[in-house]
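Protein chains in written order, with numbering that gives the first Met the number 0: chain X, 0 to 251; chain R, 0 to 325.
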Amino acid sequence: MTLLHLTDLTVTRGQCPVVDHVSLDIAAGECVGLIGPNGAGKTTLMRAALGLLPHTGTSSLAQLPPRARAAQAAWLPQSREIAWPVTVESVVALGRLPHLARGSRLRPQDQAAVDAALERMGLAAYRHRLATELSGGEQARVLIARTLAQGTPLLMADEPIAGLDPAAQISTLQVFADLAGEGHAVLTSLHDLSLAARYCTRLILLHRGRLHADGAPTDVLTPETLAEVFHLRARVHLTEDGPLFQPLGVLS
Amino acid sequence: MKLIFGLLALLVALFTASLCLGSVGITPLKALAALVGTGDRLHVMILQDIRLPRALLAAMVGASLGLSGAAMQGYLRNPLAEPGLIGVSGAAALGAVIALQTGIAALFMLALPLMALLFALVAVCLILLLAGPRGASLTLILAGIAISALAGALTSLVLNLSPNPYAASEIIFWMMGSVADRSMDHVTLALPVMALGWALLATLGRGLDALTLGEDAAQALGLSLRSLRLRLLIGTAAAVGAATAVAGAVGFVGLIVPHLLRRLTAGRPSALLWASTLGGAAMVLAADITVRLVLPTRDLKLGVVMALIGAPLFLHLIFKTRKELP
């Protein structure tokens, strides 16, 4: 089942196309890593796909009315903002807003979704702490839990593991991989190519706004592509633990 | 729940106190009897025509300022935001000052508040034009600052050109803000406009909660930012415009009240909306009672007392915030 369908999605800033005629489909069961160097258009692509930016071309999500879209896709922006001193639990409960009628309280199934999200991100013990008093990495995990609580078929995350400690990075990506295994789909931008190679079922490589490569991690992370797009000399070893990506040096 | 009952009890107590206190000593029981039209005819007149409108206006003005302050802070995600930020109160004051200066205010009793409301309406139209339909919060603030500055400059100009010291002092006294010597006509003029504002602002709770996570995340949660901004602007303009029209400029309420109540509402912007409504009403009632108790003979102005209460409270908040910082 297709959860996101983009056709010729284009976003221009002034004259310059930041995302240039990108077409792709994301189906249930996929954990898709969106990779590319800084400024490749990863964030812009995801925001336009959600309808948060003016664009040409079509995105199946952007065509939905706001409430229906919120039930279809959850979005974790790169900037981690928690404006007021609220408890971890109430931040996570904000993910249930699209499912609640105006002015109604959390129903048992909403509370269950909040509890499950807290549990998944290892935050059950933090439930009553003030989110604003946690460390940056902990806040990031709280915000990821918020998107999980939204319980949408598709989860889109912009650099979700930036600033997390190694264990939290791995367990977050494991959560994403598990979600895909349960029939959800995940689209996440990543800078860590080794983690992308290990946990994503598919990688989409953006280069200067264009879709440069799309496929299984071992097909996308070829020495030629890495040299051309990332200016990296690198190797991908196939091991019994999955593909291992090893950067060796920078090409001038 | 505890908070709602606490604030309601406080409000009822202050409202009753406001009815029972004044230059003519009337015992609380007699005052309440006079309120419903029984007892001494002089007492009935004092209660129904002087004290009731005064207490009602204090509560209405406070509720409007508290509610719009909480809404504005929630929208801008900034605890320093206040309803005056969008320039509506400045514009309403300008309208009132022009009414005083030109003598329009003397034509009929509600001429002054009507002029103030008209100017508030013009200001909100200007802001909508300047900030644009897709306008971000920054353009809104800039438009508000521009309109506040213009209204302030024009108010100074009117004062500058005022023909005699009496006119100037009348204007200055009006600008200090007061709910004394108002009639039920002021209440009936302001109430429908304020009620429109309250109704619009009361719909913002869910959107403001979502905005805790920032504009992008809130939109992805199904919030229409455009509709939220429009309801915020028109709601604030109606509530604050009407408040300024009948009571003059009363500062600090919209800034301080949400600040004081934020912790008690667990930081949730939607809960802060109604809490600040009740809290704002209580605070202005208390300030208006203070005005009567401290210098009963000297016509102390409400806005002055509010600023005198507000500034130290604000200092206290600064020290509290400094302590919380590492």
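Think of the CB as a built atom: it goes at the ideal place given N, C-alpha and C, for glycine as much as any other residue.
Between residue i and the rest of its own chain, which residues show a CB-CB distance below 7 angstroms, the 5 nearest in sequence each way excluded?
i	result
Ile97(R)	Met114 and Val157
Ser269(R)	Gly204, Arg205, Leu207 and Asp208
Leu355(R)	For residue 355(R) there is no data in the structure shown, the boundaries of chain R being 0 and 325.
Leu178(X)	Leu154 and Val185
Arg327(R)	The structure shown has nothing for residue 327(R), since chain R only spans 0 to 325.
Arg261(R)	Leu271
Ser123(X)	Correcting the residue identity first, residue 123(X) is Ala in this sequence and not Ser. Answer for Ala123(X): Leu117, listed in chain order.
Leu63(X)	Gln71
Leu316(R)	His258
Pro84(X)	Leu129 and Thr131
Leu312(R)	Ile255
Thr154(R)	Ala92, Leu93 and Val96
Thr6(X)	Ser22, Gly56 and Thr57
Gly38(R)	Lys29 and Ala32
Could you tell me whether the Cβ atoms of residue i and residue j are closer together than 8 angstroms?
i	j	result
Gly34(X)	Leu243(X)	The identity of residue 34(X) in the sequence shown is Ile, whereas the question assumes Gly. Going by C-beta atoms, Ile34(X) is not nearer than 8 angstroms to Leu243(X).
Ile146(R)	Gly89(R)	yes
Gly32(X)	Leu189(X)	yes
Gly143(R)	Ile170(R)	no
Val290(R)	Leu301(R)	yes
Met175(R)	Val303(R)	yes
Arg224(X)	Ala212(X)	Checking the displayed sequence, the identity of residue 224(X) turns out to be Thr instead of Arg. Yes, the Cβ-Cβ distance between Thr224(X) and Ala212(X) is below 8 angstroms.
Ala48(X)	Ala61(X)	yes
Leu328(R)	Leu284(R)	Chain R is shown from 0 up to 325; residue 328(R) falls before or after that span and cannot be answered.
Gln149(X)	Ala39(X)	no
Leu2(X)	Val18(X)	no
Ile233(R)	Val60(R)	no
Ala70(R)	Leu231(R)	yes
Ser63(R)	Gly151(R)	no
Arg145(X)	Gly214(X)	no
Arg76(R)	Leu210(R)	yes
Leu229(R)	Leu66(R)	no
Leu40(R)	Leu18(R)	The sequence given here has Arg at residue 40(R), not Leu. In this structure, Leu18(R) does not lie closer than 8 angstroms to Arg40(R) by Cβ.
Leu194(X)	Ile203(X)	no
Between residue i and the ligand NAP, is there a pair consisting of the residue's CB and a ligand heavy atom that are separated by less than 7 angstroms?
i	result
Gly266(R)	The ligand content of the structure shown is nil, which means the ligand NAP is not present either.
List the residues that DSSP assigns as beta-bridge partners of residue i.
i	result
Ala73(X)	Leu154(X)
Gly5(R)	DSSP, once it has assigned bridges, lists no residue as partnering Gly5(R).
Phe175(X)	DSSP output for Phe175(X) lists no bridge partner at all.
Leu3(X)	Ile25(X)
His206(X)	Arg209(X)
Ile308(R)	The partner list for Ile308(R) (beta bridge, DSSP) is empty, contrary to what the question assumes.
Ile34(X)	Leu204(X)
Pro222(X)	Partner(s): none; Pro222(X) has no beta bridge.
Arg12(X)	Cys15(X)
Arg40(R)	None, per the DSSP bridge assignment.
Leu243(X)	His236(X)
Thr187(X)	Gly32(X) and Ala156(X)
Val11(R)	In the DSSP output, where bridge partners are listed per residue, Val11(R) has none listed.
Leu129(X)	Thr86(X)
Val283(R)	DSSP, once it has assigned bridges, lists no residue as partnering Val283(R).
Leu231(X)	Val249(X)
Gly143(R)	Gly143(R) pairs with nothing; no bridge assigned.
Gly214(X)	Leu202(X)
In chain order, what residues of the same chain lie with their CB nearer than 8 angstroms to the CB of residue i, ignoring the 5 residues before and after it?
i	result
Leu250(X)	Ala226, His230, Leu231 and Arg232
Leu120(R)	Ala236 and Gly240
Thr86(X)	Arg126, His127, Arg128, Leu129 and Ala130
Thr171(X)	Met120, Arg140, Ile143, Pro159, Ile160 and Leu163
Ile103(R)	Ile97, Ala110, Leu111 and Met114
Ala391(R)	Limits of chain R in this structure are 0 at one end and 325 at the other, which puts residue 391(R) out of reach.
Got a sec? Which residues, its chain only, sit under 6 angstroms from residue i by beta carbon, not counting five neighbours each side?
i	result
His4(X)	Asp24 and Ser59
Leu10(R)	Leu277, Ala280 and Ala281
Thr55(X)	Thr9
Arg46(X)	Leu52
Item to check | Length-filtered (3 minimum) beta strand (DSSP E) runs lying within the region 54-133 of chain R | outcome: none
Checklist entry - In chain order, what residues of the region 217-236 of chain R put their CB closer than 8 angstroms to some CB of chain X? => result Gln218, Ala219, Leu220, Gly221, Leu222 and Ser223
Checklist entry - What are the uninterrupted segments assigned as alpha helix (DSSP H) that are 4 or more residues long and contained completely in the region 185-214 of chain R, given in chain order? => result 204-210
Next on the checklist: Report the start-end ranges of each alpha helix (DSSP H) in the region 228-280 of chain R that is 4 residues or longer and not cut off at the edges.
Outcome noted: For the region 228-280 of chain R, whole alpha helix (DSSP H) runs of length 4 or above, ordered along the chain, are 252-260.
Next on the checklist: What are the residues in the region 37-65 of chain X lying within 8 angstroms of chain R by C-beta distance?
Outcome noted: Arg46, Leu49, Leu51 and Pro65
Next on the checklist: For the region 75-96 of chain X, list every residue whose C-beta sits within 8 angstroms of some C-beta in chain R, in sequence order.
Outcome noted: Cβ contacts with chain R: Leu75, Pro76, Ser78, Glu80, Ile81, Ala82, Trp83, Pro84, Val85, Thr86, Ser89, Val90, Leu93, Gly94 and Leu96.
Next on the checklist: At 4 residues or longer, what runs of the alpha helix (DSSP H) sit wholly inside the region 39-99 of chain X?
Outcome noted: 41-48, 65-71 and 87-92
Item to check | Contact residues within the region 248-267 of chain R, judged by C-beta distance below 9 angstroms to chain X | outcome: Arg261, Arg262, Ala265, Gly266 and Arg267
Checklist entry - Relative to chain X, which residues along the region 186-215 of chain R have a C-beta separation below 8 angstroms, given in chain order? => result Gly204, Arg205, Asp208, Ala209, Leu210, Thr211, Leu212, Gly213 and Asp215
Checklist entry - Just by C-beta distance, which residues in the region 313-324 of chain R are closer than 8 angstroms to chain X? => result none
Item to check | Members of the region 49-77 of chain R near chain X, C-beta cut-off 7 angstroms | outcome: Arg76
Checklist entry - Listed from N- to C-terminal order along the chain, which residues in the region 110-129 of chain X have their beta-carbon within a distance smaller than 7 angstroms of any beta-carbon of chain R? => result Hits within the stretch: zero.
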